[in-house]
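Read the structure below first, then the notes.
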Amino acid sequence: MLVKTPPMGWNSWNTFGPDINEDLILKSADTLVDTGLAALGYNYLVIDDCWALRERGPEGQLVPDPAKFPHGMKYVADYVHSKGLEFGMYSCAGFLTCAGYPASFDHEWTDAKTFASWGVDFLKYDYCYHPNTVPGPVLYKRMALALANCGRDILFSACSWGADETRKWIKETGANMWRSTEDINDSWKSIYTLSKKAGQAIRYGSINCFPDMDMLVVGMGGKGNVGFAGCTEDEYRLHFNLWALLGSPLMIGCDIRNMSESTRAILTNKDVIAINQDPDYNQAYTAEQYKGQWPEASDFPIYVKLLANGDLAIGLFNLSDTDGSWYSSTLQLDEIGLPESCGRTLLLTDLWTGEKKLVTNGILQDALKAHSSRLFRAKIVDKP
């Protein structure tokens, strides 16, 4: 199958972990539709680990836990599909899943057939307890091949955490998206760590093989399975801006049934989502003026991305613990292909405030507060 833009949706793990059941999934499907999230593109509803019994069935098949899913997975999938959504599930390339349930090693073809029979549209495929005797690329090729021949289009989400240099071999496996980092948790420390590693993976991404910086923690507020310390609104907005600009899949991890207004405002920003879903999926790149000239510069990354209509997306980020000075976020237009001699400049629109700003003298500068960001859509215009 061909996936043209980064997948969007909701996954159960960040908030609920093992505490999942049929009622939660059905109500979350309702909520995706009723809140307008589905209409914005969040159309995959994914059940993560802990859905199965601890032993396979008599014919070697995975069996949903009847205490959690009394009507079975086909029933759940049919309900999700009736809401106009796509249904996702979880397995693992090892002997066991990360939570210790039966996984798909040496059962790839059986499990792919089972998932297809249930109506699964998305498979998150983890990397725990995998045998050291079989290389990672082979493990993911096994499941990709089984899915490609199961009789149903199933998006393949390879979750190998960037391990074993995933970026160098993942495209050859047939995966549609791939984890480029370790797991996220709901804390600034985690967002900072993953943000610093982002540049290692983006150059390896492409349409139909999207680098995945892990699920969103926006709106978790320190609660749930990976709740940890929680984040401020500025930190959540920076998190959403960066994931969107770098083309990571946008998979919501909070309890969407109980979103605050600030959480809803972040997750439903149509202009930011449009950057993430731009049809050309051009690679973002860094363009800091002081890159490499002073040690702290890497905490003030600037990312630029060419969009399908000729506009640019420009993101300024302050990952440091101190407020930035006027020079800490500096972008020369010449560096992004717009020299002073061309007679043109940029008209910026802030995608959160709607504020418009004309860049003068070929330089964009801003002083950002600690743990904050700005994301612009920039249109090329004639100089006044």
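Just so you know, the sequence shown maps onto residues 7 to 390 in the working numbering.
Cβ atoms here follow ideal geometry from the backbone N, Cα and C, with glycine treated the same way.
Proximity of residue i and residue j at Cβ, strictly below 8 Å
i	j	result
I160	V126	yes
E28	V69	no
C237	W194	yes
N17	M221	yes
N282	G253	yes
L370	L337	yes
Y107	A58	yes
G321	S379	yes
L153	A99	no
A314	D277	no
A244	A250	Residue 244 is actually Leu in this sequence, not Ala. No. Outside cutoff.
Y133	F101	no
L325	S201	yes
R350	L357	no
E114	R148	yes
T274	L46	yes
A105	D55	yes
Those residues which DSSP pairs with residue i across a bridge
i	result
N324	S378
G94	V52 and F128
V310	Y291 and I320
N17	V52
D284	Partner(s): none; D284 has no beta bridge.
V387	T351
C215	S212
M183	S163 and F216
M265	Beta-bridge pairing links M265 to no other residue.
Q206	None; Q206 has no bridge partner.
K362	T355
T336	Q371
M149	The partner list for M149 (beta bridge, DSSP) is empty, contrary to what the question assumes.
S193	G236
Beta-carbon proximity list for residue i, same chain, < 7 Å, skipping 5 on both sides
i	result
L312	N288 and L318
E341	A293
A150	F162, T179, G180 and A181
I262	W16, S34, T37, L38, T41 and L43
Neighbourhood of residue i by C-beta distance below 6 Å, restricted to the same chain and skipping five residues each side
i	result
S268	E239
V232	N20, N191 and D192
E188	W167
L352	V365 and A384
F448	The requested residue 448 does not occur in the structure, where the chain is confined to residues 7 to 390.
G157	A122
M79	P70 and W124
S334	F306
L354	K363, F382 and A384
Would you mind listing the beta strand (DSSP E) stretches within the region 36-65 that are 3+ residues and don't spill past its ends, in chain order?
50-52
Between the region 95-106 and the region 127-139, are three or more C-beta pairs nearer than 8 Å?
yes
Does the count of Cβ pairs from the region 204-218 and the region 226-237 closer than 8 Å reach three?
The region 204-218 and the region 226-237 do not touch, with fewer than 3 CB-CB distances between them shorter than 8 Å.
Every unbroken alpha helix (DSSP H) inside the region 70-123 [4 residues or more]
You should have 78-88.
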